Amino acid sequence: MNNDEWVYQYPIGKFVERQGWKIHISSEYNSSHELLQDVAKICHEMRIPFKHLSTEDKFIMRNGKLVSRGFSGKFITCYPNQNELESVLQRLESALKQYNGPYILSDKRWDEAPIYLRYGVFRPSRDDEKKVAIDELIVGDEVVKDERLPVFKIPKGIVPPDFLNKWLDKKDKKQGDFPFIIDNAIRFSNSGGIYNARLKEDGKKIILKEARPYTGLGFDGTYSSEKLASECKALKILNEWSETPKIYWHGKIWEHTFLGIEHMKGVPLNRWVTNNFPLYEVVDKTKDYLLRVSKIVEKLIDLTNKFHSENVYHQDLHLGNILVKDEDEISIIDWEQAVFSNDEKVVHKVAAPGFRAWRETLPSEIDWYGIRQIAHYLYMPLVTTSDLTYNYVSQTRIEGKKLFESLGYTREHIDYVESLLSYLDSKCPQIENISRKKVLKPMHEIRTIESEQDIQDFIIKLLRGFTLTYGQWRKEFQSRFFPVHYYGLNFNQGIAFSDLAILWSYQQLAKKVKNFKFDDYYEIRTQVINEAVNNFKKSSLSGLFDGKIGTIWLIYEFGEIDRAVELFTTHFIEIFENSQNKNLYSGQAGILLVGLYFLSKGEIDNKLGEEILIRLREYTLNYIENPETFCKVGASDVQSNDPYENFGGLLYGHAGVAWLFGEAYKLTG
Numbered sequence: 001m002n003n004d005e006w007v008y009q010y011p012i013g014k015f016v017e018r019q020g021w022k023i024h025i026s027s028e029y030n031s032s033h034e035l036l037q038d039v040a041k042i043c044h045e046m047r048i049p050f051k052h053l054s055t056e057d058k059f060i061m062r063n064g065k066l067v068s069r070g071f072s073g074k075f076i077t078c079y080p081n082q083n084e085l086e087s088v089l090q091r092l093e094s095a096l097k098q099y100n101g102p103y104i105l106s107d108k109r110w111d112e113a114p115i116y117l118r119y120g121v122f123r124p125s126r127d128d129e130k131k132v133a134i135d136e137l138i139v140g141d142e143v144v145k146d147e148r149l150p151v152f153k154i155p156k157g158i159v160p161p162d163f164l165n166k167w168l169d170k171k172d173k174k175q176g177d178f179p180f181i182i183d184n185a186i187r188f189s190n191s192g193g194i195y196n197a198r199l200k201e202d203g204k205k206i207i208l209k210e211a212r213p214y215t216g217l218g219f220d221g222t223y224s225s226e227k228l229a230s231e232c233k234a235l236k237i238l239n240e241w242s243e244t245p246k247i248y249w250h251g252k253i254w255e256h257t258f259l260g261i262e263h264m265k266g267v268p269l270n271r272w273v274t275n276n277f278p279l280y281e282v283v284d285k286t287k288d289y290l291l292r293v294s295k296i297v298e299k300l301i302d303l304t305n306k307f308h309s310e311n312v313y314h315q316d317l318h319l320g321n322i323l324v325k326d327e328d329e330i331s332i333i334d335w336e337q338a339v340f341s342n343d344e345k346v347v348h349k350v351a352a353p354g355f356r357a358w359r360e361t362l363p364s365e366i367d368w369y370g371i372r373q374i375a376h377y378l379y380m381p382l383v384t385t386s387d388l389t390y391n392y393v394s395q396t397r398i399e400g401k402k403l404f405e406s407l408g409y410t411r412e413h414i415d416y417v418e419s420l421l422s423y424l425d426s427k428c429p430q431i432e433n434i435s436r437k438k439v440l441k442p443m444h445e446i447r448t449i450e451s452e453q454d455i456q457d458f459i460i461k462l463l464r465g466f467t468l469t470y471g472q473w474r475k476e477f478q479s480r481f482f483p484v485h486y487y488g489l490n491f492n493q494g495i496a497f498s499d500l501a502i503l504w505s506y507q508q509l510a511k512k513v514k515n516f517k518f519d520d521y522y523e524i525r526t527q528v529i530n531e532a533v534n535n536f537k538k539s540s541l542s543g544l545f546d547g548k549i550g551t552i553w554l555i556y557e558f559g560e561i562d563r564a565v566e567l568f569t570t571h572f573i574e575i576f577e578n579s580q581n582k583n584l585y586s587g588q589a590g591i592l593l594v595g596l597y598f599l600s601k602g603e604i605d606n607k608l609g610e611e612i613l614i615r616l617r618e619y620t621l622n623y624i625e626n627p628e629t630f631c632k633v634g635a636s637d638v639q640s641n642d643p644y645e646n647f648g649g650l651l652y653g654h655a656g657v658a659w660l661f662g663e664a665y666k667l668t669g
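Numbered per the UniProt record's numbering, the sequence shown finishes at 669, counting up by one with no gaps.
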C-alpha cells in the first residue's frame, strides 16, 4: 500500500476497524528520526497499524508554510481499534513527552507530547461492508462527510468512549492576555495569520504577524518563528528609516510568537504598474511613465545600498514587497527572509516567480537580482519566464524599447531607463554558458516573431517536448502520465490537473500547426482516456475542474462522443446530487454548465434535458433568494493558490455563477 508520500505498516492478520479515533503525531525536523523509531517500536509491540511520511522532503513539505492547514503537521498516523485506544495513548504519551512538534489544527492535543486525535476514516470499505467513499463515515444508518478542516470537530452522531469525555472537556493550556485587538485577517497560512489589528493601549493600527511553533519549515531547516525573529531583527536595525515598518509590539503569547508592525501606506508595485503602464497611447497622455519609473528605480537602488551598509540583506525583493504611495514614494516590507552576513555564497531558496537568482551567489547579489528584475518589469511587465530562461529580460528589454518608441516617448527618457537597466544588469553575476545542449535550464536566444512561420516553428518546438516529457515521466512514475503541480497530485479527474486535461491542451496546441506529426499521440490518447474511464467511479469529486463532469466534457472534446454521452446520461443526476458546493470549479455551477453544453449539442434525450433545466431553475431561484449561501459576497478573505481555500472570482465566486446564467440565457432565451 505504500505510495510516494506514505509508508504503511500493517500487522499481518490484524482486523482494522473502518473508522475510529485516529492518533496523529507531529515532530520537529531535527528529532523526527528518533521519534519515528520510538513510535514504531510501540506500534510493533502492540500490533497497531500506522503510516509515516516517506522521506525528509515530504516531511518538510507537510510542515511548509503553504500546505493546507487541514493536513499540516501530520507525520505519523496510528489506527488503533477503539478497545486499544486508551492503552496506546498512555504508552505513546510516556514515550514522547520529551519531543516537540507543531500543533495539528484538525485535531485536539492529547496531553503534553505532540500527540493529537480526531475521529475519521481508517481504510476503504470492504466487499462485505456498506459501500461509501473513502471520505465518508458511517454513523448509524447515515453517511456523514469526513471533513478535514483546520479546526477540531467531532462528526455528528459519534459517541466518544468514556475515558475521552474528560479530555474533550479540557481546554488547551493558554496564557497571557492579547495586548491587541484583531479587526480582521489579511490571510492565513500553515504558519499562522497576518491580521489588521490595533494596540489596546493606544488604539494604534498595526499589521500583526503570527508564527506557530515548528511550522513554515523550509528546506534550509528554519521555521516560521525563526523567520519572524529575522524580520524583527532587521526592522530593529533599520528602525530610523521611514521606508521600513516600525516595530510596535513583539513577544510570545501561549505558544505563538507575534510581531506588531507599522501599517505602511501604499499599493503593491505590481498593482501600481497595472494602473499606470501605458500599454495604449491614451492611458499616458503626459508621457511621464518612464520618468516616474526612473525615480522609483533610483530610490530602490539607494535603499538597497543603505540597508546593505547596515549588513542587512532582504533576500525576497519582488513587486509585492514594494509599496508605492503618493508622489511615488516607496517602502519595503516583508523582511522575514533577511540575513545579516554577506560572507558566503548561498542558494536563493525562497523567491517569487521570476525573481529567483541563478546559481549560488552572495546575499547582496540576490538582492540586486531582485531589484534588477523589478526594474525590467517596470519597463516591460514580463519576467516570470526568467526562472526558466537565463537572462530572459534581455528579450523583454528589446520589446519595451520598441513599445515606448511607438508611443512617442522621448529618446532621453528611454535612454535613461535603459542606462539604469544596464547598471543593474552589471550588479548581478553572469553565468557562463558552457553547453547549449544542457537540459538543466534553456539558454536564452534573442528571438523576434516576424511571420506566421515563426509562430509555427515555436509551437513545433513546444510540441516536440511532449513525447520527451511523457517518456521520462513514465519511466519514474506509474501513477500519472504527465507531471503536474503538487496541488493536483491527488486529483486525476476534471480539467484542472488531470492527465486527460494536460493531453487535451497539447492537442489544442497541435491544431495550430499544419501537418504536424504527433509521435505516439493516438496510443497515448487511448491509454489516457481508458485510464480516466476505468477510474471514473473511484472518484468522489463531481466538479468541472476537479471531478467527473470535467472528465466527461474532456472525453467529448476528444471526439469520443458516444462514450461521453453514455457517461453523462448514466451519471449526471448522481454527479449533481453528490456535489457539495455551488461554484464553477468544483460545484453545481460547473456541472450545470456542462449540462447546458450537452443540451446545446443535441446529444441527450428530452427527459434528461428536462431534468437539467429543472435543476437549473431550482439553482437559479435559490441563488436569487440567498446568494450568500452560494459563495461569499464581496472580496474573498483569503488569496491562495489552493483551489479549496478560495471563495471569490470566476472559478470560486459569483462571476462563475454569472457565466452559467449567461449560457443559460443564450440557450433558453
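Where is the CB? At the ideal position from N, CA and C, for every residue including glycine.
Bear in mind that the values here come from a model prediction, so they are computed numbers and not experimental data.
Listed as beta-bridge partners of N83 by DSSP are no residues whatsoever. The criterion of a C-beta distance shorter than 8 Å is not satisfied by S294 and Y377. Residue range E452 to E476 is occupied by the alpha helix (DSSP H) that includes F458. Straight through space, the alpha carbons of V393 and E360 are spaced by roughly 20 Å. A contact between stretches requires three or more CB pairs, one per stretch, nearer than 8 Å, and the stretch 192-205 fails this requirement with the stretch 143-160. By the CB criterion at 8 Å, K345 and L362 fall inside the cutoff. Counting along the chain, the unbroken alpha helix (DSSP H) around Y377 starts and ends at P363 to Y379. Taking the CA atoms as reference points, K156 sits about 56 Å from T304. Close CB contacts of L420 within its chain, under the 7 Å cut and outside five residues either way in sequence, are with S294, V297 and A375 (chain order).
If one requires a minimum length of 3 residues, the beta strand (DSSP E) runs lying completely within the stretch 70-128 are 76-78 and 115-121, in chain order. Shown here, P268 sits in a strand according to DSSP, grouped into three states. Minimum Cα-Cα distance from G543 among the listed residues W272, S586 and L509 corresponds to S586. In this structure, the beta-carbon distance from L96 to D38 falls below 8 Å.
For R62, there is no enclosing beta strand (DSSP E); the residue is found in the alpha helix (DSSP H) stretching over E56 to R62. Pairing W110 with A234 gives a Cβ-Cβ distance that is not under 8 Å. For T257, the beta-bridge partners assigned by DSSP are A211 and K252. For G488, the CB contacts under 6 Å within the same chain, skipping 5 residues up- and downstream, are F497 in chain order. Cα atoms of L66 and L613: separation of roughly 40 Å, rounded to the nearest angstrom.
When C-beta atoms of the stretch 561-571 are compared with those of the stretch 501-516, fewer than three pairs fall below 8 Å, so the two segments do not count as touching. Within the model, the alpha-carbon separation for G266 versus F576 is close to 45 Å. Secondary structure at A589: helix, using DSSP grouped into helix, strand and coil. Closest option to M380, judged by alpha-carbon separation, among I76, I371 and I398: I398. In the same chain as T384, and ignoring 5 residues on each side of it, the C-beta atoms closer than 8 Å to its own belong to P353 and G354, in chain order. Note that the C-beta distance between D499 and F482 is below 8 Å.
Annotation for E418: no beta strand (DSSP E) segment contains it, though the alpha helix (DSSP H) segment containing it runs R411 to S426. Across the set G649, G595 and E628, the C-alpha of G595 shows the shortest separation from the C-alpha of T668. Contact between Q82 and G13 fails: their C-beta atoms lie close to 19 Å from each other, not under 8 Å. When secondary structure is reduced to three states using DSSP, K632 falls in the coil class, being assigned neither helix nor strand.
In the DSSP assignment, N311 falls outside any alpha helix (DSSP H) and carries neither an H nor an E.
As DSSP reads the structure, H24 sits in a beta bridge with T77 and Y116. Assigned with DSSP and collapsed to three states, V657 falls in helix. Counting along the chain, no beta strand (DSSP E) covers G649; the unbroken alpha helix (DSSP H) around it starts and ends at G649 to Y652. Looking at the DSSP output, R198 shares a beta bridge with I181 and K205. Under the DSSP assignment, K233 falls in the alpha helix (DSSP H) whose first and last residues are S224 to I237.
Ranked by Cα distance from L105, the options L89, A133, E93 and N63 are led by N63. Note that the C-beta distance between H24 and D127 is not below 8 Å.
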